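Colleague:
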Amino acid sequence: MNPVSIRDLAKWYGEIAGLNKVNLELQPGITGLVGPNGAGKSTLMKILTGQLKASYGEALIFGKDVWKTPAARRRLGYSPEGDSFYEDMSVLAFVRAMGRLCGLGGSADALAREALGKTGALGFAGKRLKACSKGMRQRAKLAQALVHKPDILVLDEPLNGIDATGRREMLRLFEELAGAGATVIVSSHILEEIEAVTSRIVFLAQGKVIASGALAEVRGLLKDHPLKLLVTASDPRKLGARLLESGLVTGIVFQRRAGELAEDDLVLSVPQVESFYRALPGLARELGIGIDRLVPLDASAEAVFGYLVGEEMGGSA
Amino acid sequence: MNSWLYLVYFSFRRQLRPRRLVVAFILFAVIALLVGFRGFFEPWKVKSFGRWIIALPFCRFFLPIITLTLGTAIIGDDREDKTLVYLSIRPISRSSMYLAKLLGSLPLALGISLGAVFGLCAVASFFGGPPLPLSELAWMFLPTIACGTLAYLAFFGWLGAVFRHATLIGIAHVFLVEFFMGQVPGVLKRISISFYVRCMLYDAGGEHGIGPRNQAIFQPVGGDEAAITLISVAVGFLLLGMYWFSRREYRDLT
Chain A
0 MNPVSIRDLA KWYGEIAGLN KVNLELQPGI TGLVGPNGAG KSTLMKILTG QLKASYGEAL
60 IFGKDVWKTP AARRRLGYSP EGDSFYEDMS VLAFVRAMGR LCGLGGSADA LAREALGKTG
120 ALGFAGKRLK ACSKGMRQRA KLAQALVHKP DILVLDEPLN GIDATGRREM LRLFEELAGA
180 GATVIVSSHI LEEIEAVTSR IVFLAQGKVI ASGALAEVRG LLKDHPLKLL VTASDPRKLG
240 ARLLESGLVT GIVFQRRAGE LAEDDLVLSV PQVESFYRAL PGLARELGIG IDRLVPLDAS
300 AEAVFGYLVG EEMGGSA
Chain B
0 MNSWLYLVYF SFRRQLRPRR LVVAFILFAV IALLVGFRGF FEPWKVKSFG RWIIALPFCR
60 FFLPIITLTL GTAIIGDDRE DKTLVYLSIR PISRSSMYLA KLLGSLPLAL GISLGAVFGL
120 CAVASFFGGP PLPLSELAWM FLPTIACGTL AYLAFFGWLG AVFRHATLIG IAHVFLVEFF
180 MGQVPGVLKR ISISFYVRCM LYDAGGEHGI GPRNQAIFQP VGGDEAAITL ISVAVGFLLL
240 GMYWFSRREY RDLT
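First to last, the sequence lines map onto chains A and B. Per numbering that gives the first Met the number 0, the very first residue in the first sequence carries number 0; after that it's consecutive. Per numbering that gives the first Met the number 0, the very first residue in the second sequence carries number 0; after that it's consecutive.
1) Output needed in chain order: residues of the stretch 72-91 of chain B with a Cβ under 8 angstroms from some Cβ in chain A.
2) If you draw a straight line from the C-alpha of A9 of chain A to the C-alpha of R246 of chain B, how long is it?
3) Determine contact between the stretch 45-53 of chain A and the stretch 41-48 of chain B, defined as no fewer than three beta-carbon pairs at a distance below 8 angstroms.
4) Out of curiosity, what's the CA-to-CA distance linking V84 of chain B and Q50 of chain A?
5) Considering R138 of chain A, what are the terminal residues of the alpha helix (DSSP H) in which it resides?
6) Output yes if chain B places a C-beta closer than 8 angstroms to the C-beta of L110 of chain A; else output no.
7) Say yes only if the C-beta of T249 of chain A is nearer than 7 angstroms to one or more non-hydrogen atoms of the ligand COA, and no if none qualify.
8) Under 8 angstroms, CB to CB, which of the residues in the stretch 104-133 of chain B have a partner in chain A?
9) Taking only three categories from DSSP, how would you classify G314 of chain A?
10) One question on the structure: do I170 of chain B and L62 of chain B come within less than 8 angstroms of each other, judged by their Cβ atoms?
11) Taking the continuous alpha helix (DSSP H) assigned at L14 of chain B, which residues delimit it?
12) Between the stretch 58-69 of chain A and chain B, which residues of the former have a C-beta closer than 7 angstroms to a C-beta of the latter?
13) Can you give the Cα-Cα distance for E248 of chain B and V161 of chain B, rounded to whole angstroms?
14) What separation, rounded to the nearest whole angstrom, lies between the Cα atoms of G309 of chain A and E216 of chain A?
15) Select from the stretch 3-33 of chain B all residues with a C-beta closer than 7 angstroms to any C-beta belonging to chain A, and list them in chain order.
16) Taking just the CA atoms, how far does Y77 of chain A sit from L141 of chain A?
17) At which residues does the alpha helix (DSSP H) containing I52 of chain B begin and terminate?
18) Just list the residues that DSSP pairs Q254 of chain A with in beta bridges.
19) Using the beta-carbon of each residue, which ones in chain B are nearer than 9 angstroms to S89 of chain A?
20) Using alpha carbons as the reference points, say which of A:P2, A:S4, A:A53 and A:G31 lies closest to T19 of chain A.
21) Using beta-carbon positions only, say whether I29 of chain A and A210 of chain A come within less than 8 angstroms of one another.
22) Could you tell me whether any Cβ in chain B is nearer than 8 angstroms to the Cβ of R167 of chain A?
23) Note down, in chain order, each residue of its chain lying with its Cβ closer than 7 angstroms to the Cβ of S315 of chain A, except the 5 sequence neighbours on either side.
24) Less than 8 angstroms between the C-beta atoms of G91 of chain A and G125 of chain A, yes or no?
25) Would you report the Cα separation of F9 of chain B and M0 of chain B, rounded to the nearest angstrom?
26) Which residues of chain A have a Cβ atom closer than 7 angstroms to the Cβ of N1 of chain B, listed in chain order?
27) Determine the contact status of A150 of chain B and V232 of chain B, defining contact as a CB-CB distance below 8 angstroms.
28) Determine, using beta carbons only, whether Q50 of chain A comes closer than 8 angstroms to chain B.
29) List the endpoints of the continuous beta strand (DSSP E) containing R292 of chain A.
30) Quick one: list the residues of chain A neighbouring E206 of chain B, beta-carbon separation under 7 angstroms, in chain order.
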């Protein structure tokens with residue numbers, strides 16, 4: 000049984016569709032939720048955590064409908080996007096109280112300290128929340144989601160307000176949790192950060208899942224958008240001519256290499272990436288050309304998302 | 000069950016906010032000053048104390064205002080602070096969450112209202128009247144105030160769950176329905192909670208002459224009937240609140 004099963008899920012706000020027939024099966028590991036504002040990420044997360052009721056379909060946590068079965072929420076940790084707290088409580092008291100509300104008994108204090116330690120918040124555990132900085136509050140929010148050691152973590156923009164070092168720590172923590180068997184669902188508008196910890200991404204736009212899966216797989220499906228590859232080679236013109244002749248690329252742009260007067264890089268449009276990668280070493284060997292660098296320019300989550308949204312809107316990005 | 004019990008405790012702790020206690024203390028102090036001032040010149044009698052202090056400023060002003068403050072805060076505080084999200088994601092059903100939050104407010108509401116009645120009786124006794132032992136005097140009013148507190152708290156709790164600006168609506172209710180309509184001759188006053196509170200009070204203090212100024216206009220119901228009505232109002236609004244809250248999504252509550 001998958002930890003999270005979402006079947007034909009729809010959510011209507013009057014006549015506006017917040018989510019439209021979403022189907023997802025999520026397994027342990029990190030899954031990134033990516034989409035612009037209003038794409039339905041937060042709605043999906045709120046249905047998944049039992050805050051909103053689905054208009055149609057179901058969101059199941061280990062086979063149980065989370066709206067109808069409150070007990071299922073015991074296996075769930077949620078860090079909301081909003082910055083609201085019980086301001087007069089200390090960080091430790093807040094996390095401990097949230098643990099107690101999840102059914103932790105005498106162990107709540109120790110587990111709260113453990114969660115604060117994991118999120119790097121132990122140093123200011125005694126500080127009142129109203130006196131905490133945005134970054135501290137974000138860590139406290141994460142700690143309350145972790146305190147009862149849930150199997151599923153739903154994190155809505157968890158990296159907001161955290162500095163670069165803190166973000167790296169948090170991403171490492173997500174990886175650790177996923178490595179320990181948790182299902183971590185992260186939404187973020189900073190796509191590179193999501194990409195750094197997972198290749199499994201769900202792209203949402205206008206309430207629909209427009210693509211999901213490993214980033215490379217999704218990229219490979221975008222036939223109308225050949226992959227752009229930057230190639231640094233010892234003889235770019237010779238290599239470019241041969242590649243065009245072979246049909247492995249559909250377009251070539253010569254790009255002056257930074258800091259060089261006469262040296263060019265090649266920017267190739269590659270429709271069949273796997274065939275290209277298979278054939279390139281042989282071609283280079285045949286032509287006696289050395290290849291120094293091969294960099295995909297538009298395989299990032301951000302680029303893929305741009306293409307997907309463009310296609311969804313009926314145009315090309 | 001652990002988490003539910005903790006929510007009761009948590010809600011109780013959240014209600015112990017200084018500003019709320021200060022409001023209760025100020026209102027109590029004003030009435031206590033009135034009692035002390037009058038008692039200084041002329042010792043209170045049971046009848047005048049019951050009618051002019053307990054039935055009037057206490058039952059029709061202090062009690063509704065205090066229960067309004069506490070009742071609308073049951074859900075209203077979390078709604079205002081946007082902290083309801085931290086409760087709605089816990090393994091507690093919505094209806095039992097509402098019940099826990101109301102039960103968490105109950106000790107404070109009862110503590111303040113019963114404590115204030117006892118305090119007023121003590122102030123009146125301090126100045127040489129009414130001519131009854133303090134415990135007997137207080138005991139005459141305590142069941143009435145307890146039933147009134149339950150009914151008001153459940154009503155204002157429901158109001159706080161349903162309406163975003165429940166405090167304003169509650170204040171309007173206190174003045175229009177509980178205070179003004181309570182004066183109107185005929186059966187219309189029976190929609191107010193204060194009517195049944197006063198009926199219970201008049202029944203309990205009847206032998207000491209505590210009663211309405213004009214029996215024919217007031218047309219009280221019996222003490223038992225009033226008590227049953229108040230308990231029914233409390234249970235009814237509690238169940239209504241639980242049902243209503245269980246059907247709401249988080250977005251409706253923020």
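C-beta atoms are modelled at their ideal positions from N, C-alpha and C, and glycine is treated no differently. Values in this document were obtained by computation on a predicted structure and should not be read as measured data.
Modeller: In short:
1) Cβ contacts with chain A come from D80, K81, T82, V84, Y85, L86, S87, I88, R89, P90 and I91.
2) On the first sequence, residue 9 of chain A is found 10 positions in, with the first residue counted as 1. On the second sequence, residue 246 of chain B is found 247 positions in, with the first residue counted as 1. Between the alpha carbons of A9 of chain A and R246 of chain B lies a gap of roughly 18 angstroms.
3) Touching, no, given that fewer than three Cβ pairs across the two stretches are closer than 8 angstroms.
4) Position 85 of the second sequence, counted from the first residue, corresponds to residue 84 of chain B. Position 51 of the first sequence, counted from the first residue, corresponds to residue 50 of chain A. Approximately 8 angstroms between the Cα atoms of the pair.
5) Here the question's residue 138 of chain A lines up with position 139 in the first sequence. Residues K133 to L145.
6) In the first sequence, residue 110 of chain A corresponds to position 111, counting from 1. So no, L110 of chain A is outside the interface.
7) Only the bare structure without any ligand can be found here, which leaves the ligand COA out of the picture.
8) From the stretch 104-133 of chain B, no residue has a Cβ closer than 8 angstroms to chain A.
9) Sequence index remark: in the first sequence, residue 314 of chain A carries index 315 (1-based). Only weak support exists for where G314 of chain A lies, its pLDDT of 49 falling under 50; the value from the coordinates is given anyway. Three-state DSSP puts G314 of chain A in coil, outside helix and strand.
10) Your numbering for residue 170 of chain B matches position 171 in the second sequence. Your numbering for residue 62 of chain B matches position 63 in the second sequence. No, the Cβ-Cβ distance between I170 of chain B and L62 of chain B is not below 8 angstroms.
11) Taking the second sequence and counting its residues from 1, the one referred to as residue 14 of chain B is at position 15. The question names Leu, but residue 14 of chain B in the sequence shown is Gln. Note, Q14 of chain B: alpha helix (DSSP H), N1 to Q14.
12) Residues passing the 7 angstroms Cβ filter: P69.
13) Counting from one through the second sequence, the residue named residue 248 of chain B turns up at place 249. Counting from one through the second sequence, the residue named residue 161 of chain B turns up at place 162. Roughly 12 angstroms between the two C-alpha positions.
14) Here residue 309 of chain A is taken as the residue at index 310 of the first sequence, counted from 1. Here residue 216 of chain A is taken as the residue at index 217 of the first sequence, counted from 1. When rounded, the distance between both Cα atoms is 18 angstroms.
15) Here the close residues are Y5, L6 and F9.
16) Within the first sequence, residue 141 of chain A is the residue found at index 142, counting from 1. Within the first sequence, residue 77 of chain A is the residue found at index 78, counting from 1. Rounded to whole angstroms, L141 of chain A to Y77 of chain A spans 8 angstroms at the Cα level.
17) Within the second sequence, the letter at position 53 stands for residue 52 of chain B. Neither: I52 of chain B is in no alpha helix (DSSP H) and is coded neither H nor E.
18) Taking the first sequence and counting its residues from 1, one reaches residue 254 of chain A at position 255. Looking at the DSSP assignment, Q254 of chain A forms a beta bridge with A:D264.
19) Stepping through the first sequence from its first residue, residue 89 of chain A is reached at position 90. The premise fails here: S89 of chain A is roughly 13 angstroms from chain B at the closest Cβ pair, so nothing lies under 9 angstroms.
20) Within the first sequence, the letter at position 20 stands for residue 19 of chain A. The amino acid occupying residue 19 of chain A in the given sequence is Asn; Thr does not appear at that position. For the set A:P2, A:S4, A:A53 and A:G31, the Cα lying nearest the Cα of N19 of chain A is the one of A:A53.
21) Numbered from 1 along the first sequence, position 30 holds the residue referred to as residue 29 of chain A. Numbered from 1 along the first sequence, position 211 holds the residue referred to as residue 210 of chain A. No.
22) As a first step, residue 167 of chain A must be located in the first sequence, where it is residue number 168. No, no contact with chain B.
23) Within the first sequence, residue 315 of chain A is the residue found at index 316, counting from 1. Bear in mind that the predicted position of S315 of chain A carries a pLDDT of just 42, short of 50, making it unreliable; the figure below should be weighed with that in mind. The residues are D223 and G309.
24) As a first step, residue 91 of chain A must be located in the first sequence, where it is residue number 92. As a first step, residue 125 of chain A must be located in the first sequence, where it is residue number 126. The sequence as given places Leu at residue 91 of chain A; Gly does not occur at that position. Between L91 of chain A and G125 of chain A, the C-beta gap is smaller than 8 angstroms, which places the two residues in contact.
25) The residue labelled residue 9 of chain B in the question sits at position 10 within the second sequence. The residue labelled residue 0 of chain B in the question sits at position 1 within the second sequence. If you draw a straight line from the Cα of F9 of chain B to the Cα of M0 of chain B, it comes to about 14 angstroms.
26) One-based indexing of the second sequence puts residue 1 of chain B at position 2. Proximity of chain A to N1 of chain B at the Cβ level (cut-off 7 angstroms) is accounted for by G102 and G104, in chain order.
27) Position 151 of the second sequence, counting from 1, holds the residue named residue 150 of chain B. Position 233 of the second sequence, counting from 1, holds the residue named residue 232 of chain B. Yes, these two residues count as a Cβ contact at 8 angstroms.
28) Numbered from its first residue, the first sequence carries residue 50 of chain A at position 51. Any Cβ of chain B closer than 8 angstroms to the Cβ of Q50 of chain A would place that residue at the interface, and such an atom is present.
29) As a working mapping, residue 292 of chain A is identified with position 293 in the first sequence. It spans I290 to P295 - the beta strand (DSSP E) in which R292 of chain A sits, taken as one unbroken run.
30) Walking along the second sequence from the start, residue 206 of chain B turns up at place 207. Against chain A, the beta carbon of E206 of chain B has no neighbour under 7 angstroms; the closest one sits roughly 49 angstroms away.
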